[in-house]
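Engineer:
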Amino acid sequence: TRFTLLPPDGAGNSLCPRAASNDRRRPSTTYGIWLSKVHTHFENIRKLRYKYWRFVREGLVNEIVDLFSENSRVDFGRPTLQAEGKQAVAKLYQTVVGPGAPAGTTFPRGFSPEIEITGDNTAEATWMGEVPKIDAKAQKVTKTGFLYHEEYLREQGLWKISFLKISYTFIEEGKLVTPPGAR
-10 TRFTLLPPDG AGNSLCPRAA SNDRRRPSTT YGIWLSKVHT HFENIRKLRY KYWRFVREGL
50 VNEIVDLFSE NSRVDFGRPT LQAEGKQAVA KLYQTVVGPG APAGTTFPRG FSPEIEITGD
110 NTAEATWMGE VPKIDAKAQK VTKTGFLYHE EYLREQGLWK ISFLKISYTF IEEGKLVTPP
170 GAR
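Numbering (the numbering used here), first residue to last: -10 to 172.
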């Protein structure tokens, strides 16, 4: 995981903790408190993303929409798969993962986040991801790879997704094979 840290005013011009302190052997208290807050923000953004993937896997549209800010935008890389505003985002997710979604079981996952806190209540991240989709009836597996570019906004103390864009990197298809001994 790569993080970009922007030190607080008065904490020095360097990311080196020692630069923020008169004692060159240990960080300043101001820098330590700031670093703890930044770490908490990173973890909360990760949790937001992990919830998103779980809710997508389980088809929980209302819970997915709760992860988005009021003026959110979504771009799944196709003109018919874009939305602006929370109501439009809800409608888009109804068609993508809701009861009317195409058949199959999905297992979305992501990794290698690059998170940057860009302001007191804003952040950006890029995640690598992939979604294996199993269609047991057709005995087919499709795995889609992509990059997520996201922007986040903190509303009432909670991080929300304000912009989500997917750039596809690969699509791989194969035959579903039942392992020996599986039922």
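For every residue, glycine included, the Cβ atom is placed at its ideal position computed from N, Cα and C.
Could you give the first and the last residue of the continuous beta strand (DSSP E) run that contains G118?
Structural biologist: T111 to D124
Engineer: Ignoring anything shorter than 3 residues, give me the beta strand (DSSP E) runs that lie fully in the region 37 to 114, in order along the chain.
Structural biologist: Those beta strand (DSSP E) runs which fall completely within the region 37 to 114 and span 3+ residues are 57 to 64, 71 to 73 and 98 to 108.
Engineer: Which residues in the same chain as D64 place their Cβ atom closer than 6 Å to its Cβ, once the five residues preceding and following it in sequence are excluded?
Structural biologist: Within its own chain, the residues whose Cβ lies closer than 6 Å to the Cβ of D64, once the five positions on either side in sequence are excluded, are Q71 and K154, listed in chain order.
Engineer: Taking just the CA atoms, how far does K164 sit from I106?
Structural biologist: 42 Å
Engineer: Taking contact to mean 3 or more Cβ pairs, one atom from each stretch, closer than 8 Å, check whether the region 72 to 82 and the region 53 to 64 are in contact.
Structural biologist: yes
Engineer: Starting from the C-beta of H30, find all residues in its chain whose C-beta is less than 6 Å away, skip the five residues before and the five after it, and write them out in chain order.
Structural biologist: I106
Engineer: Name, in chain order, the residues that DSSP records as bridge partners for H138.
Structural biologist: T115 and K154
Engineer: For chain C, find out if any of its Cβ atoms is closer than 8 Å to the Cβ of Y157; answer yes or no.
Structural biologist: In the displayed structure, chain C is absent; only one protein chain is listed.
Engineer: State the CB to CB distance for the pair E119 and K132, rounded to an integer number of angstroms; the pair is presumed to be in contact (CB under 8 Å).
Structural biologist: 6 Å
Engineer: Can you check DSSP and say which residues form a bridge with L147?
Structural biologist: E144
Engineer: Given a cut-off of 8 Å, decide if Y82 and T173 are closer than it, judged by their beta-carbon atoms.
Structural biologist: Nothing about residue 173 can be read from this structure; the chain reaches only from -10 to 172.
Engineer: State the DSSP-derived secondary structure class of T131, mapped to helix, strand or coil.
Structural biologist: strand
Engineer: Taking only the alpha-carbon atoms, compute the straight-line gap between F159 and G134 and give it to the nearest angstrom.
Structural biologist: 5 Å
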